Amino acid sequence: MKTIRLTAAQALVRYLIAQKNEDGDLVIPGCWAIFGHGNVAALGEALYGVRDSFPTWRGHNEQTMAHAAIAYAKAKNRRQAMAVTTSIGPGATNMVTACALAHVNRLPVLLIPGDVFASRAPDPVLQQVEDFDDATVSANDCFRPVSRYFDRITRPEQLLTALPRALSTLTDPERCGPVTLSFCQDVQAEAFDWPESFFAEKIWYQRRPAPDADALARAVDAIRAAKHPLIVAGGGVLYSGASDALKAFAEKHQVPVAETQAGKSSLPASHPLNLGSIGVTGSSAANAIAADADLVIGLGTRFQDFTTGSWSVFKNPSRRILAINVTPFDSYKHDALSLVADARVALEALGETLGAHAAPPIDPELKKTWMASVAAATDAPSGNALPSDGHVIGAVQRQSGEDSIVVCASGGLPGELHKLWQAEKPNGYHLDYGYSCMGYEIAGGLGVKMALPERDVIVMLGDGSYLMANSELATSIMLGQKITVVVLDNRGFGCINRLQQATGGESFNNLIDTARHVVPADIDFAAHARALGAIAEKVDDIGALEAALARAKSSERSHVIVIDTDPMITTEAGGNWWDVAVPEVSERDAVNAARKAYLEDRARQRAFD
Numbered sequence: 001m002k003t004i005r006l007t008a009a010q011a012l013v014r015y016l017i018a019q020k021n022e023d024g025d026l027v028i029p030g031c032w033a034i035f036g037h038g039n040v041a042a043l044g045e046a047l048y049g050v051r052d053s054f055p056t057w058r059g060h061n062e063q064t065m066a067h068a069a070i071a072y073a074k075a076k077n078r079r080q081a082m083a084v085t086t087s088i089g090p091g092a093t094n095m096v097t098a099c100a101l102a103h104v105n106r107l108p109v110l111l112i113p114g115d116v117f118a119s120r121a122p123d124p125v126l127q128q129v130e131d132f133d134d135a136t137v138s139a140n141d142c143f144r145p146v147s148r149y150f151d152r153i154t155r156p157e158q159l160l161t162a163l164p165r166a167l168s169t170l171t172d173p174e175r176c177g178p179v180t181l182s183f184c185q186d187v188q189a190e191a192f193d194w195p196e197s198f199f200a201e202k203i204w205y206q207r208r209p210a211p212d213a214d215a216l217a218r219a220v221d222a223i224r225a226a227k228h229p230l231i232v233a234g235g236g237v238l239y240s241g242a243s244d245a246l247k248a249f250a251e252k253h254q255v256p257v258a259e260t261q262a263g264k265s266s267l268p269a270s271h272p273l274n275l276g277s278i279g280v281t282g283s284s285a286a287n288a289i290a291a292d293a294d295l296v297i298g299l300g301t302r303f304q305d306f307t308t309g310s311w312s313v314f315k316n317p318s319r320r321i322l323a324i325n326v327t328p329f330d331s332y333k334h335d336a337l338s339l340v341a342d343a344r345v346a347l348e349a350l351g352e353t354l355g356a357h358a359a360p361p362i363d364p365e366l367k368k369t370w371m372a373s374v375a376a377a378t379d380a381p382s383g384n385a386l387p388s389d390g391h392v393i394g395a396v397q398r399q400s401g402e403d404s405i406v407v408c409a410s411g412g413l414p415g416e417l418h419k420l421w422q423a424e425k426p427n428g429y430h431l432d433y434g435y436s437c438m439g440y441e442i443a444g445g446l447g448v449k450m451a452l453p454e455r456d457v458i459v460m461l462g463d464g465s466y467l468m469a470n471s472e473l474a475t476s477i478m479l480g481q482k483i484t485v486v487v488l489d490n491r492g493f494g495c496i497n498r499l500q501q502a503t504g505g506e507s508f509n510n511l512i513d514t515a516r517h518v519v520p521a522d523i524d525f526a527a528h529a530r531a532l533g534a535i536a537e538k539v540d541d542i543g544a545l546e547a548a549l550a551r552a553k554s555s556e557r558s559h560v561i562v563i564d565t566d567p568m569i570t571t572e573a574g575g576n577w578w579d580v581a582v583p584e585v586s587e588r589d590a591v592n593a594a595r596k597a598y599l600e601d602r603a604r605q606r607a608f609d
């Protein structure tokens, strides 16, 4: 057996360079890195040696560079992912939030945090977390509950099994999610005689599980028996590349479609059978159909509570759930009729077996009425009042093309975008609303642009999210990856302030002006963005915003536009109840009234039949 002598770090990098997908692209095309003790000496040297064929990108924050990597994988529909390496201690634990985001959203990312010395010779090393009762524990054990696969590399030869397991997790449609290889820093530097065959090129093919024949027959019977079926399209439609199959199935069998946050853009927004968003942030059309649906066909969705309105959207007492999912865990939720299969394969098999069967037509006025509500919420306002989020969304939409991608993650904007944004092409709507992580937005926009450089990327976020994590704006400029960023300044956490008041609370500690302060905040976001290297401007109204967006299209680098917005206005049309527990006992009448209303709404909740 021929061998080659390499350090463990060199072997890891060489192995990654040999792993390709069926399109001929590297599964892991490069690595984000912030170096420190624990990864700079050995892994840094290994990455330097392959810098021309396997690029290393430098971030400004460990969490946000991991967010950029995760967004890249999402924009690539999980066909490719990125590696991210950090030092030990705070560098590593800064990535735990990003790891949880990837876990919740079923997205692949390879995390390689440095770890303590396997030899324990210098213990306690700088930044080492010492467990008084367990010497095998390090700070990196924080990754265990939020990783799909976790391994601590304490000997070089462990990579011979750990790396194939890591790649199988990253590329598997069922197990797909974050992989953490906690890499002891002394082991990274150790040499080993590796089999040359370990570094031979390997192709990882996309696995497309076909449905079980009996399960398929049961699903067909359920669809044939349904008088009011509804498809709820989730992120699995996009990851499967099933948009065309969904369109063909919906048209042939006349089944209306509603979209989750992850599934939005699965079907063109203009398609007559696309009723828009569903659930808490749903359209009136989709939620009306959902209320009467006797068969809810979940296609690649995990039925998160915003999708189901905390299980109050589907009101028909005789409704059944048919859950089509590549992951058995998601397909058996809430006593669903399970069909474990790839979304595209399942739709094709169902369509072939159903033949010419078609459901009764839906009322076309439902969508017309909803689109009138969208127009009312997004048309430019009259007068001098502060614009709403919806007004800003309308302006961005009017200045965007069909190839544009909107990126967002948290606060009130995801709800408004879910209702109002009209996505005509797959992946034109990119949100993290599984973990809804503030600070994802700008880093996510950078990752999306790196994945799809031919498309315009527009990041929309509030002032709270901008203040939480903005440093990868500088990275976008450094890397020549231009994004447009629209900052909606409502002076605080407007979404949670509205929720606080809706549950009987007073405005407290959410808006800047109602939080404890000595000096009122007055932040010049445009000046800050310019200091990071962006082109930046502040505009006063929607007309000026549209003119600025037009300028941003031709900007040579990332362009930031700031506009003041009203924190209290949201789109009243559509929507649904959401289970947010209200205090059972309070001295305040407003809270007691909210508790009474909460109990009335909760009585209509149907988590279990």
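Here UniProt numbering is used: the first residue of the sequence shown is 1, the next is one more, and so on.
The C-beta atom is built at its ideal place from N, Cα and C for all residues, glycine as well.
None of the values given here were measured: they were computed from a predicted structure.
| query | result |
| --- | --- |
| Which residues in the same chain have their Cβ closer than 8 Å to the Cβ of A288, if we skip the five residues on either side of it in sequence? | L366 |
| Is G569 helix, strand or coil when you go by DSSP? | The residue asked about is misnamed: residue 569 is Ile in this sequence, not Gly. Reduced to three states, the DSSP call for I569 is coil. |
| Excluding five sequence neighbours on each side, which residues of the same chain lie with their C-beta closer than 6 Å to the C-beta of G38? | S87, I88, G114 and Q185 |
| Please list, in chain order, all residues of the same chain as T514 whose beta carbon is under 7 Å from its beta carbon, the five residues on each side excluded. | S507 and F508 |
| Using 8 Å as the threshold, is the C-beta distance between G235 and A262 below it? | yes |
| So R460 and V406 are supposed to be a Cβ contact under 8 Å. How far apart are they, rounded? | Note that residue 460 is Met in the sequence shown here, rather than Arg. Indeed, because the Cβ distance is near 6 Å, the residues count as touching under 8 Å. |
| Exposed or buried, what is M1 when buried is set at 16 or more other beta-carbons lying within 10 Å of its beta-carbon? | exposed |
| Beta-carbon within less than 6 Å of G574's beta-carbon, same chain only, minus the 5 sequence neighbours each way: which residues are those? | G282, S283, S284 and K419 |
| On a CA-only basis, which of Q19, V50, T3 and C31 is nearest Q10? Give me that one, please. | V50 |
| Are the CB atoms of A81 and A73 nearer to each other than 8 Å? | yes |
| Starting from T86, follow the alpha helix (DSSP H) in both directions and report where the run begins and ends. | Premise fails: T86 lies in the beta strand (DSSP E), A83 to T86, not in any alpha helix (DSSP H). |
| Would you check if the segment 290–309 and the segment 440–454 touch, i.e. whether three or more CB-CB distances between them fall below 8 Å? | no |
| Rounding to the nearest angstrom, what Cα-Cα distance links R491 and D566 in this structure? | 9 Å |
| Skipping 5 residues on each side, what residues in its chain have a beta carbon closer than 7 Å to that of I483? | G445, L446, K449, V457, V459, S476 and S558 |
| When you compare only the Cα positions, how much space is there between H391 and T570? | 10 Å |
| Which residues in the same chain as A162 place their Cβ atom closer than 8 Å to its Cβ, once the five residues preceding and following it in sequence are excluded? | D151, I153 and L181 |
| From which residue to which residue does the beta strand (DSSP E) around S338 run? | L337 to V340 |
| Quick one: measure Cβ to Cβ for R344 and A248, integer angstroms, because I've assumed they're closer than 8 Å. | 10 Å between Cβ atoms; not a contact. |
| Going by C-alpha distance, which of S240, R516, S410 and A359 is nearest N427? | S240 |
| Bridge partners for H559 per DSSP, in chain order? | T484 and I535 |
| Out of R14, L479 and A336, state which residue places its alpha-carbon closest to the alpha-carbon of A215. | A336 |
| If we count Cβ pairs, one from each stretch, closer than 8 Å, do we get three or more for the segment 548–556 versus the segment 388–403? | yes |
| Give, in chain order, every unbroken run of the beta strand (DSSP E) that is at least 3 residues long and sits entirely within the segment 419–457. | 429–431 |
| Beta carbon of A94, beta carbon of N61: below 8 Å? | The residue asked about is misnamed: residue 94 is Asn in this sequence, not Ala. Yes, the Cβ-Cβ distance between N94 and N61 is below 8 Å. |
| Inspect the beta-carbon positions of L230 and P268 and report whether they are closer than 8 Å. | no |
| Given a threshold of 16 other Cβ atoms within 10 Å of its Cβ, counted over all protein chains shown, does residue 642 qualify as buried or as exposed? | Residue 642 lies beyond the residue range present for the chain, which begins at 1 and ends at 609; the question has no answer from this structure. |
| Figure out for me which residue from G177, G494, A92 and W32 has the closest Cα to the Cα of L413. | G494 |
| From this set, L511, R207, D363 and D432, which residue's C-alpha is nearest Q304's C-alpha? | D432 |
| What three-state label does DSSP hand G298 in the structure shown? | strand |
| Taking three-plus beta-carbon pairs below 8 Å as touching, is the segment 308–324 in contact with the segment 577–589? | yes |
| Are I4 and L16 closer than 8 Å when you measure CB to CB? | no |
| Taking W370 as part of the alpha helix (DSSP H), name the residues at either end of that continuous run. | E365 to T378 |
| Please classify P178: is it buried, with 16 or more other beta-carbons within 10 angstroms of its beta-carbon, or exposed? | buried |
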